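Participant: Be aware that the sequence shown starts at 26, since it is given in our numbering, and climbs by one per residue. Where is the CB? At the ideal position from N, CA and C, for every residue including glycine. Model, not experiment: these values are computed from the prediction.
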Amino acid sequence: AVTLLFVTSGCNDDDDKVGPPPSYSFSVAVSNVAQTEATVTVTPSNDQATYYYAAVKKAEFDTFESDAAYAQHILDNLKAIADKKVLPLSEYLATALVKGSAPQKITDLTAGTDYYAVALGMLTDGRFTSDLVKEAITDTTPIEAVTQVALPQVIQTL
């Protein structure tokens, strides 16, 4: 007589599924705009919410078909940076994402160029927790004009 023993392990298909990410909202305020700098304050609806923020040239942002497409572009760039640093995305995002609300001075703007301050709620696994929020950064500082005046040559005869 042959006895067959089948051993099966219980498998729950839900074990690998992750619940939906929390949903947060953010506001972005821009102040102290000068030719090459501005102060950006991102305020999350929950102080524990993690998010990414940056200043992006309006001309670059406007090449994307939607805010969601730009949000995906941000995530793709963060993944590329993590890969370059040979870090898992979650480890890199643990250092790149911010919590809470505090004014941040951005100092590498180009004078006379329009920007957006953007913020995007994100978890360290790369899932979004908000829609992308943007606020215009417009330099209203007058640019000093240099005027050239052609002066007639004066010839003196002695």
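Could you check the C-alpha separation between T75 and G125 for me, to the nearest Å?
Facilitator: About 8 Å.
Participant: Taking the C-alpha atoms as reference points, what is the distance between S115 and V65?
Facilitator: Taking the straight line joining both Cα atoms gives about 25 Å.
Participant: Go ahead and pull the three-state DSSP assignment for Y141.
Facilitator: Of the three classes helix, strand and coil, the one that applies to Y141 here is strand, per DSSP.
Participant: Within 10 angstroms of the Cβ of V27, are there 16 or more other Cβ atoms? Answer buried if so, exposed if not.
Facilitator: For V27, the predicted model reports a pLDDT of 45, less than 50, meaning its position is unreliable; a value from the coordinates is still stated below. It counts as exposed.
Participant: Check whether the segment 134 to 150 and the segment 75 to 85 are in contact - that is, three or more C-beta pairs closer than 8 Å.
Facilitator: Yes, the segment 134 to 150 touches the segment 75 to 85.
Participant: Assuming K159 is part of the beta strand (DSSP E), what are its boundary residues?
Facilitator: Counting along the chain, the beta strand (DSSP E) containing K159 begins and ends at 158 to 162.
Participant: Tell me which residue opens and which closes the beta strand (DSSP E) that Q129 is part of.
Facilitator: Start and end: 129 to 131.
Participant: In this structure, how does DSSP classify A105 when only helix, strand and coil are distinguished?
Facilitator: A105 falls in the helix class under three-state DSSP.
Participant: May I have the straight-line CA-CA distance separating A107 from S52, to the nearest angstrom?
Facilitator: About 27 Å.
Participant: Where DSSP assigns a beta bridge to A79, which residues make up the other side?
Facilitator: Note: A79 sits in a beta bridge opposite V143.
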